[in-house]
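Here's the structure, in structure tokens; my notes come after.
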Amino acid sequence: MVENIDVETPYGNMKIPTLGHVTLMDAQTIKIEPRDKTNLKHIEKSIYDADI
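Residue numbering for the sequence shown follows my numbering, beginning at 763 and increasing consecutively.
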């Protein structure tokens, strides 16, 4: 579901799995652990903008 969301970072556009580890916790929860914590705000903005 989030694999194809583009994230605008200072280094260019990247997909969420490139920026961190995505885990499906249960039927309603997706956990995203960014490799670089400074990208968290960019990931969060992209998910909100994707309106999923």
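We put the beta carbon where it would ideally sit given N, CA and C, even for glycine. Everything numeric in this text was worked out from a predicted model, so none of it was measured.
Whole-angstrom C-beta distance between residue j and residue i, which should lie under 8 Å
i	j	result
SER808	VAL769	4 Å
ILE805	LEU781	6 Å
MET763	ILE792	7 Å
Extent of the continuous alpha helix (DSSP H) run through residue i
i	result
ASP813	Taken as a continuous stretch (DSSP letters only), ASP813 belongs to no alpha helix (DSSP H), as it is neither H nor E.
Host beta strand (DSSP E) of residue i (start-end)
i	result
ILE767	Where ILE767 is concerned, there is no enclosing beta strand (DSSP E), given that its DSSP letter is neither H nor E.
THR785	782-788
ASN775	774-777
THR791	791-796
For residue j and residue i, the rounded distance between their alpha carbons
i	j	result
THR800	PRO772	10 Å
C-beta neighbour in chain D for residue i, strict 8 Å
i	result
GLU806	Among the chains in the structure shown there is no chain D, since it carries only a single protein chain.
Buried or exposed (CB count within 10 angstroms, at least 16 for buried), residue i
i	result
ILE778	buried
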